[in-house]
Structure formats: structure tokens, C-alpha cells
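Step one of this worksheet: look at the structure below.
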Amino acid sequence: MPEVPVITIDGPGGAGKGTLSTRLAEHVGWHLLDSGALYRVVAYAVQQAGMQVADAEQIARVVRELPVSFQSGRIIWQGMEITAAIRTEQIGNLASQVAVLPPVRAALLDWQREQACAPGLVADGRDMGTVVFPQAKLKIFLTASAEERAKRRHQQLEQRGITANISSLAATIRERDERDQQRVHSPLIPAQDAVLLDSTHRTIADVFNGVLQLVRKRGL
Ligand code: C5P
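The following block contains the structure:
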């Protein structure tokens with residue numbers, strides 16, 4: 001069977017990976033894997049069950065039977081829609097704590113790989129190019145300064161009518177980056193063969209056009 005082509009888009013939160021991956025998947029007509037959402041669902045389940053982050057094995061058991069389904073952008077957990085509920089800063093932070101646990105990462109590996117179906121997959125996350133899909137045809141590592149990412153996050157929250165403080169958002173972002181970069185298993189680092197892109201002074205539309213050129217150059 002021919003191998004299903006994969007494009008990976010890794011990088012820290014707020015760099016624009018989500019928008020870029022969604023647009024790219026739509027443009028090329030491929031499937032989309034938002035692996036961050038998966039870690040967020042695990043965090044949500046941990047929170048709802050009142051489990052301790054220290055209990056890695058118990059969390060991994062829950063992950064193996066996670067009653068979740070992704071339905072065209074909607075996330076259903078135990079029959080309940082949690083699409084918006086998993087997008088809070090609190091769940092993002094808890095997600096980065098459960099993401100440190102090797103049994104949890106191991107339990108999510110096969111499910112993520114199974115998402116690589118024809119005609120292809122755009123996979124968004126932290127370790128897509130290094131661990132989950134090392135054979136990917138194109139690997140992008142998208143960054144932006146912590147200040148810029150805090151500014152974007154602030155704008156997003158304001159649009160939703162939520163007041164937030166930029167400097168405390170920047171502090172949370174730095175804390176999460178540090179945890180993601182320092183962890184022993186699958187840390188946030190670019191794959192050796194990744195193309196590094198910095199979106200600090202670029203619009204996502206501009207980054208998208210640059211990535212499209214790379215996609216064409218590689219014949220994808
Ligand atoms: O991308 P998002 O902010 O939704 O991810 C939430 C958290 O999930 C990240 O901070 C990271 O700790 C974890 N994550 C991960 N590996 C991935 C995707 C997300 O460890 N592939």
C-alpha cells in the first residue's frame with residue numbers, strides 16, 4: 001500500500017499553527033489532526049474526574065478508553081460538546097502538565113497515527129515531525145515571540161468579550177513553553193529536517209502563501 005503523505009506543523013502555542021493547518025488542510029483537501037485538542041480533552045477528562053496529575057498510570061488508563069469523537073470541528077466527549085470548554089487558559093495549562101507524562105503520550109500515539117488516511121494528513125502539534133510522523137514529506141516549525149503571541153491571544157479574548165492582562169498572558173505562555181521544551185519525552189523542538197518559519201512580523205496569510213510554495217516544490 002502506498003504511504004499516505006503527511007505535512008507536520010509544530011511549534012509553540014499562539015504562533016498561528018491552528019489557522020495555518022486548517023487553511024492548508026482545506027486547500028489541499030487533506031484530513032486535519034489537531035493533536036493539541038487531544039491533549040486538551042485529556043486534561044478536561046482529568047479535571048472532571050478530579051484526578052491528580054501525578055497519577056500517570058490512572059490517566060493513561062482513562063486515555064486508552066477516552067469517549068471522544070471529533071465531528072467536523074466539533075469535539076464530543078461523553079456525548080457532550082466540549083469544543084469551547086477545552087480552549088481556556090486553565091485547560092491549556094493542565095494539558096501541558098499531562099503532556100509531560102510518558103504513559104499518556106504513549107497511549108495517544110497509535111490513535112494519532114491512525115489519522116493518516118488518504119489522500120493525506122496535515123498534523124498540528126509539538127512532536128508531529130519528531131515523534132509521531134518522522135516520515136512526513138514536509139515539516140514546518142512555526143514560531144513567534146512570546147510577546148507577539150500574548151498580543152494575539154489578548155486580541156482573541158477581547159473579541160470574545162473576555163478581559164485579560166497582556167503581561168500575565170505572556171507569563172503563562174512562557175511557563176507553558178518552558179514546560180513543553182524542557183520535558184524529557186517528545187519535547188517541543190524542531191525536527192532536524194524541519195523548515196523554520198517565524199510569524200512574529202508576518203501575517204498568517206503571508207506565512208500560508210510561503211508554505212503553499214513549499215508544498216508545490218515538494219510535489220505534494
Ligand atoms: O496546541 P495546544 O495549545 O492546544 O496544546 C495544548 C498543550 O498540549 C501544549 O501546551 C502541549 O503541552 C500539549 N501538546 C503536546 N504535544 C502535542 C500537542 C500538544 O504535548 N503534539
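Residue 72 in this note's numbering is what sits at position 72 of the sequence shown, and the numbering runs on without skipping anything.
Where a beta carbon is used, it is the ideal one built from N, C-alpha and C, also for glycine.
Just so it is clear, the structure is predicted and the values come from calculations on it, not from any experiment.
Three-way DSSP call (helix, strand, coil) for residue i in this model
| i | result |
| --- | --- |
| Arg176 | helix |
| Arg202 | coil |
| Ser96 | helix |
| Leu188 | coil |
| Leu220 | coil |
| Asn209 | helix |
| Gly164 | Looking at the sequence provided, one finds Ala at residue 164 rather than Gly. Note: Ala164 maps to coil in three-state DSSP. |
| Arg153 | helix |
Residue i beta carbon near the ligand C5P (any heavy atom closer than 7 Å)
| i | result |
| --- | --- |
| Gly129 | no |
| Gly73 | no |
| Arg113 | no |
| Gly16 | no |
| Asp110 | no |
| Arg174 | no |
| Arg126 | yes |
| Ala146 | no |
| Arg23 | no |
| Ser96 | yes |
| Gly13 | yes |
| Ala37 | yes |
| Arg40 | yes |
| Asp193 | no |
| Asp55 | no |
| Gly120 | no |
| Gly92 | yes |
Beta-ladder partner(s) of residue i, from DSSP
| i | result |
| --- | --- |
| Thr143 | Asp198 |
| Gly125 | Asp10 |
| Leu138 | Ile7 |
#### Entry: Contiguous beta strand (DSSP E) assignments of at least 3 residues, all confined to the region 67-123
68-71 and 74-77
### Message
For a minimum of 3 consecutive residues, which ranges assigned as the beta strand (DSSP E) are wholly contained in the region 7-72?
### Response
31-34 and 68-71
### Query
On the three-pair Cβ rule with 8 Å, is the region 112-122 touching the region 78-91?
no
### Inter-stretch contact (C-beta, 8 Å, three-pair minimum) for the region 127-135 and the region 188-203
yes
### Query
Using 8 Å as the Cβ pair cut-off and three pairs as the minimum, do the region 147-156 and the region 17-34 touch?
no
### Query
Three or more C-beta pairs closer than 8 Å, one from the region 58-67 and one from the region 94-108: is that the case here?
yes
#### Entry: At least 3 beta-carbon pairs within less than 8 Å: the region 130-150 vs the region 3-10
yes
### Message
For the pair the region 170-185 and the region 38-49, tell me if three or more CB-CB distances fall below 8 Å.
### Response
no
### Task
Take every Cβ of the region 81-93, pair it with every Cβ of the region 50-58, and state whether three or more of those distances are shorter than 8 Å.
no
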